[in-house]
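Number 1601 in our numbering belongs to position 803 of the sequence shown; there are no gaps in the numbering.
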Amino acid sequence: MNLKTTLSFLFTLTVVLSTVAQEPQPERYKRVKISGNGVEFINRLAEAGVDLVCGAVFDTNSIQLELSEFELQQISNAGFSYDVIIDDLTTFYRERAEANLPIARRNLEIEKRFNRFNKTPRANAFEAVDAQTGVQSVTISNIAQTTNLKQEIDWLQPDNFNLGSMGGAYTNAEIEAILDDMRAKFPNLISIKQNASPTNQLTWEGNTIWTVKISDNPDSDEAEPQSLITGMLHSREAVAQINVIYYMWYLLENYATDPSLKTLVDNAELYFIPVANPDGLARNEVVAAGGGGMQRKNRNPNACSTGFVTRGVDLNRNFGYFYNTGGTSSTPCFDTYRGTGAFSEPETQIFRDFSLTKNFKTAQNHHTSANVMVHPFSGISSNPQAIDELTQFSHDLTEFNRYVFGPVQLILTLASGDSNEWMRGGVNDGTGSTGSGRNTWATTAESGNSNQEGSFWPNPTQIVDISKRAMRMNFVNSYYAGKFAKFHDLTPANITDLSTNIQFGIERLGQTQGNFTLELEPVSSNIVSISAPATQTGMNILEMRNVSANLVLSPSITPRETIQFRVRLRNEDHILYEAILEKTFSPTVFFSDTAEAGNLNNWVTSGGSWVNTNISSFNGSRSYADATTTAYTNNLSKTIRTANTFDFSEKPSLEIQRILVQFYTKWDIERNFDYVSFQGSVDGVNWIDMHGNYTKPAAGNFTNSRHMITKNTASVNFQDAAEFVFDGDRMNKWVMEEFVIDANSNSFLKNATNARFRFLFRTDENNLASGATTAFDGFFFDDFKIVKIDQFTLSNEDFIADQGLKIFPNPFVDEIQINWSELKGESFSADVYDLRGRLVFSRAFETSDAVITLNKNSLASGIYLLKLKSASGLESTQKLVKM
799 MNLKTTLSFL FTLTVVLSTV AQEPQPERYK RVKISGNGVE FINRLAEAGV
849 DLVCGAVFDT NSIQLELSEF ELQQISNAGF SYDVIIDDLT TFYRERAEAN
899 LPIARRNLEI EKRFNRFNKT PRANAFEAVD AQTGVQSVTI SNIAQTTNLK
949 QEIDWLQPDN FNLGSMGGAY TNAEIEAILD DMRAKFPNLI SIKQNASPTN
999 QLTWEGNTIW TVKISDNPDS DEAEPQSLIT GMLHSREAVA QINVIYYMWY
1049 LLENYATDPS LKTLVDNAEL YFIPVANPDG LARNEVVAAG GGGMQRKNRN
1099 PNACSTGFVT RGVDLNRNFG YFYNTGGTSS TPCFDTYRGT GAFSEPETQI
1149 FRDFSLTKNF KTAQNHHTSA NVMVHPFSGI SSNPQAIDEL TQFSHDLTEF
1199 NRYVFGPVQL ILTLASGDSN EWMRGGVNDG TGSTGSGRNT WATTAESGNS
1249 NQEGSFWPNP TQIVDISKRA MRMNFVNSYY AGKFAKFHDL TPANITDLST
1299 NIQFGIERLG QTQGNFTLEL EPVSSNIVSI SAPATQTGMN ILEMRNVSAN
1349 LVLSPSITPR ETIQFRVRLR NEDHILYEAI LEKTFSPTVF FSDTAEAGNL
1399 NNWVTSGGSW VNTNISSFNG SRSYADATTT AYTNNLSKTI RTANTFDFSE
1449 KPSLEIQRIL VQFYTKWDIE RNFDYVSFQG SVDGVNWIDM HGNYTKPAAG
1499 NFTNSRHMIT KNTASVNFQD AAEFVFDGDR MNKWVMEEFV IDANSNSFLK
1549 NATNARFRFL FRTDENNLAS GATTAFDGFF FDDFKIVKID QFTLSNEDFI
1599 ADQGLKIFPN PFVDEIQINW SELKGESFSA DVYDLRGRLV FSRAFETSDA
1649 VITLNKNSLA SGIYLLKLKS ASGLESTQKL VKM
């Protein structure tokens, strides 16, 4: 090394050491409780500059916050008093992480080893196999098709996913290493990490904001829908980056084995920024290497001249749409300091410039913690369609984790200048503010329950659960960027005519315009023909079109025969959903009510009125509803139940029956609080919630507590009395609901001799629209029916009788074998009858061989009776199932 180089190195080293030496010790953060309630109290706190979005815990008469000593001094000066719960949060978080991170890593490894040992294919989470028939009913699905999911999927652990060194979170170096590792392992699916800035701009402290793309051609740009997922714009929100990494590993590892996931990746460009604030993360690495640092903002050296650790700018108050319109601070040492102007910071400039080089249709910006989903607009919007789109999007993102959603000022408090608003906002949209002009459906997921899971640095043992809860949000964000639509089966289980129109719904939800085709093809041989609906073009977002096809059945079909056909919903590029649907020809119908009689004769009501109405219907002109007025009232608890009871007991035979309760329905009910439950009972006294295709798990305090400002404790816990509910807004779109009763679903009613059914409608103290254009017009149902489906599962053992008779396989495809060991070579005859009593096959067998092959190629699929008679008079009658 020459003298010039040595001097330069020593000078640089001196500057670095001087900077480190001058860096003050981190300011202490405390967890405190501030007493007070009501909107005025919350607004005063917000005006004082306190962040009430990330990490705040609301109670009836207080709010729990995590604030710096500087902020506590300022709110004291503003007249607020507080009680300290935890005096030193960094120490608290660090000690908890030290104690629990080894346990969390061990638990994660145990789960991954279990998955490896069992070799459980991930596709089983979505691809259903009928336990009765063995038929694979769903061949290609997607996360947004939630039909008949009782609860959220228990996602299999990505084998390459590991917890980081910072209480489970990752350092900047670990993030870089993970992105490099992903590229090394999956070079055909993920790009090399790149500076997100188109001009290679760096942060204040010279760090790079890294981005990568996952696609089937990651190193080239294609004309495919683009989406974005980001994390850690606030650098103390640990799970925000983990949620991103967990999802990325999941996509990469399961691409080769999951056809639905492969379809997603092959037809989209999925962009990721795991850490949007690397300077803040770097500071937290210094403050608490094991996790627990409380640096939230970036590291702007000119913000907060007092030298507090709270120096910097709140990046999520620095974007240029509705900048400085409330919920921010002008004081540099506050954690909500908005900066000197919109986009004053290199990090928000990089985010802006990167986004403007793309055309992101959707974006998910991960934060913690509140268990809520925030969407635009914090300002005002005169576009009801935009609000409806964001409402539906947020509903589907949170369908199973049950996060409360809405514009930030309605479910939390006003927080202007955030990334969502800018990404969704227009350039000249009449609001007086300038957004990206990309019309991006941008949302913020605030994941983690602050009390139960640990706020900004959660208990490491809870991290995986939080990341699993974010999986559906990430998937829906990715799907809805494209040419996406949902499939709805609107055809009832029972078909009674040889020629009938079958119905389906196609609901467009994707941001990219596309054409949608529903393909239909026979599976069972009793179908003569099935037409296909016309391709649906020019569909608007949120539009649902009902389409029909003509189904022609064989004249030889017999009652109770299974009818199977394949449906395939696709856009012009790929298949969105593929399944085998099963119907039954002329099954037993226990009960049917179309509502067209105009009365309530088949029903008994209690606790309040229900009506037979002509306001809306699916078929005909009438349906049943909770009321005739536009909006339902508060503090309701009323039911409508079937007047008759039903006997589902199975007769002593080989029949295995399945009961289907079906009806068409739509609803507009306050989400997370009011609800309708569909319930069954075996005695008329005890009622149990049933799960169907469109019910959701009930919500409770785990996600609802943020509404303590406008709800009382009873309302926040209102759905705790339920298990499965209808709530939210179907936006006037009817669906066919189905409740299956068998050994696997709603089994408490299997073999019931006095089964009853009812709808329970309960409402709390008030209705919160949370920004949606809802009318709260309640619950409707139409064409209610109860159908019995008979099925047969016959095996070798089923037919080992006293005579030594064995018939196998059964069900069969081409042939069966008869082994009648008692005959010892004696001749016998075999006659086969269909269920109408017609003889369809007859043959006498003269052989000394005890094993007989009986060809059945000429028979249609269905149920038959086999009658055997030996020369010496032995007889046996058994059932056969021809597949």
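Ideal Cβ placement from N, Cα and C applies to all residues, glycine included. Nothing here was measured: the structure is a model prediction, and the numbers come from that model.
May I have the straight-line CA-CA distance separating residue i from residue j, to the nearest angstrom?
i, j, result
"G1405", "T1440", "15 Å"
"E907", "D1263", "14 Å"
"G1303", "E1535", "13 Å"
"E1624", "R1358", "36 Å"
"A1161", "Q1039", "15 Å"
"L1208", "V837", "11 Å"
"D886", "E867", "10 Å"
"G834", "R1366", "56 Å"
"P1182", "T1508", "24 Å"
"F1522", "S1674", "48 Å"
"V1326", "N1344", "24 Å"
"A1642", "V1630", "12 Å"
"V1350", "S1322", "12 Å"
"T1138", "G1124", "15 Å"
"Y1662", "D1632", "5 Å"
"P1353", "P1320", "16 Å"
Comparing C-alpha positions only, which one of the options sits nearest to residue i?
i, options, result
"T1463", "V1402, E1143 and F1537", "F1537"
"R1109", "N1116, K1494 and N1100", "N1100"
"S1513", "L1434, G1078, A1573 and N1397", "L1434"
"F1376", "T945, N1338 and F878", "It should be noted that the sequence gives Glu, not Phe, for residue 1376. When each option's Cα is compared against that of E1376, the closest is T945."
"L1049", "D952, G1230 and M980", "M980"
"F1476", "V1483, V1459, L977 and R1200", "V1459"
"W1239", "N1502, T1571 and D1186", "D1186"
"E1035", "G1490, E1244, N1410 and F1639", "E1244"
"M1030", "Y968, R914, A1628 and S1352", "Y968"
"W1008", "F1070, S1025 and K948", "F1070"
"T1427", "S1217, F1577 and S874", "F1577"
"W1532", "F1444, T1571, I1614 and F1416", "F1416"
"N970", "E1341, L1079 and P1331", "L1079"
"P1076", "L1062, T1437, K1095 and S1234", "K1095"
"H1165", "T1155, Y1119 and D1216", "D1216"
"E864", "Q872, I873, Q871 and A854", "A854"
"T937", "R1364, D1371, G1490 and T1411", "R1364"
"N1544", "D849, Q862 and K948", "K948"
"I1378", "Q1250, A1213, Q943 and L1318", "L1318"
"H798", "N1399, N1338, N1313 and N1410", "Residue 798 lies beyond the range of the chain shown here (799 to 1681); nothing can be said about it."
"S766", "T889, E1394 and S1142", "Past the edges of the chain, shown from 799 to 1681, lies residue 766, and the structure says nothing about it."
"Y880", "E869, L977, K831 and R904", "K831"
"N1386", "S1329, V1585, F1158 and Y1044", "Inspection of the sequence shows that residue 1386 is occupied by Thr rather than by Asn. With distances taken between Cα atoms, T1386 lies closest to V1585."
Where does residue i land, buried or exposed, given buried means 16+ other C-beta within 10 angstroms?
i, result
"D1581", "buried"
"D1424", "buried"
"I901", "exposed"
"P956", "buried"
"A1553", "buried"
"A740", "Beyond the ends of the chain as shown, which are 799 and 1681, falls residue 740; an answer cannot be given."
"G1004", "exposed"
"K983", "exposed"
"Q1455", "buried"
"Q1024", "buried"
"Q1334", "buried"
"L1725", "What is shown of the chain runs 799 to 1681, which leaves residue 1725 out entirely."
"D1133", "buried"
"L1210", "buried"
Report, in whole angstroms, the separation of the C-beta atoms of residue i and residue j, which I expect to be a contact under 8 Å.
i, j, result
"I1587", "T1382", "5 Å"
"S1685", "N1082", "The structure shown has nothing for residue 1685, since the chain only spans 799 to 1681."
For residue i, is the beta carbon positioned less than 8 Å from some heavy atom of the ligand MG?
i, result
"L1208", "Ligands displayed in this structure: none; no statement on the ligand MG is therefore possible."
Quick check: the stretch 1386-1402 against the stretch 1661-1669, are at least 3 beta-carbon pairs closer than 8 Å?
Too few Cβ pairs lie closer than 8 Å, so no.
Taking one C-beta from the stretch 1264-1274 and one from the stretch 1011-1023 each time, how about it: are there three or more such pairs within less than 8 Å?
The stretch 1264-1274 vs the stretch 1011-1023: no contact.
Please determine if the stretch 1490-1506 and the stretch 1200-1217 are in contact, where contact requires at least 3 C-beta pairs separated by less than 8 Å.
Contact holds: three or more Cβ-Cβ distances are below 8 Å.
Inter-stretch contact at 8 Å, needing at least 3 Cβ pairs: the stretch 1294-1303 / the stretch 1226-1233:
Below 8 Å, too few C-beta pairs join the stretch 1294-1303 and the stretch 1226-1233 to call them touching: fewer than three.
Cβ contact (3+ pairs, closer than 8 Å) linking the stretch 1130-1149 and the stretch 1163-1173:
Touching, no, given that fewer than three Cβ pairs across the two stretches are closer than 8 Å.
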